[in-house]
Amino acid sequence: MKTITARPIDTDSFAPYGQLLDVPAKKGRYDFQAELFNGRGGAAPNILLARVGAVALPLDMKVMERHPHSSQAFFPLDAARYIVMVCPDAADGGPDMERLEAFLIPGDKGINYNTATWHHPLTVLDSDAQFAALVWEDGSEADTEWYTLKPEQQTR
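Our numbering puts the first residue of the sequence shown at 59, with every later residue one more than the last.
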């Protein structure tokens with residue numbers, strides 16, 4: 059089983075996968091901080107609320123997911139720290155686990171995944187956390203594509 063280490067997130071390192079949503083230090087309103095996308099006319103914006111249980115490390119990854127027709131933004135409402143694990147497409151269209159990256163994110167910063175970005179389901183550390191998220195969905199199986207990792211792809 060391959061082992062990776064999470065590193066602190068920064069805007070440039072996360073850019074291939076999406077945007078880091080960080081409130082600037084200066085007062086004021088900052089518009090268009092994320093590249094939101096809906097690729098299906100019949101899909102509607104879904105603001106969802108989630109309570110996520112904390113996990114202990116090391117975490118054994120068994121699945122990846124992506125939203126092939128929508129960006130997906132997460133806004134922590136009550137979180138200490140969380141980790142996102144992301145990777146580009148492999149040649150076969152599945153996740154390229156050889157290029158998997160893990161980012162440690164403080165609970166006062168959000169993220170927006172680019173459309174069709176492979177990612178592990180939301181993973182929180184320290185204590186249970188609450189998030190709001192925005193994704194365009196129509197309630198069909200096309201909303202989320204799941205990929206079960208083969209034993210040789212599983213990562214810790």
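Glycine is no exception: its CB is placed at the ideal position from the N, C-alpha and C atoms.
Query	Result
Compute the Euclidean distance between the alpha carbons of Ala101 and Ala187, then round it to the nearest angstrom.	27 Å
Roughly how far, in whole angstroms, is the beta-carbon of Arg124 from the beta-carbon of Trp176, given that I think they are within contact range, below 8 Å?	5 Å
Ends of the alpha helix (DSSP H) at Phe72?	69-72
Which residues in the same chain have their Cβ closer than 6 Å to the Cβ of Glu194, if we skip the five residues on either side of it in sequence?	Looking at the sequence provided, one finds Trp at residue 194 rather than Glu. If we look at Trp194 and ignore the five residues flanking it on each side, its Cβ neighbours are Asn96, Ala101, Pro103, Ser128.
Quick check: the Cα distance between Gln212 and Asp196, rounded to an integer number of angstroms?	30 Å
DSSP beta-bridge partners for Ile141?	Leu162, Thr181
Suppose the cutoff is 7 Å on Cβ atoms and the five residues either side in sequence are ignored; what does the same chain contact list for Val22 look like?	The structure shown has nothing for residue 22, since the chain only spans 59 to 214.
Distance, Cα to Cα, Phe161 vs Glu199?	28 Å
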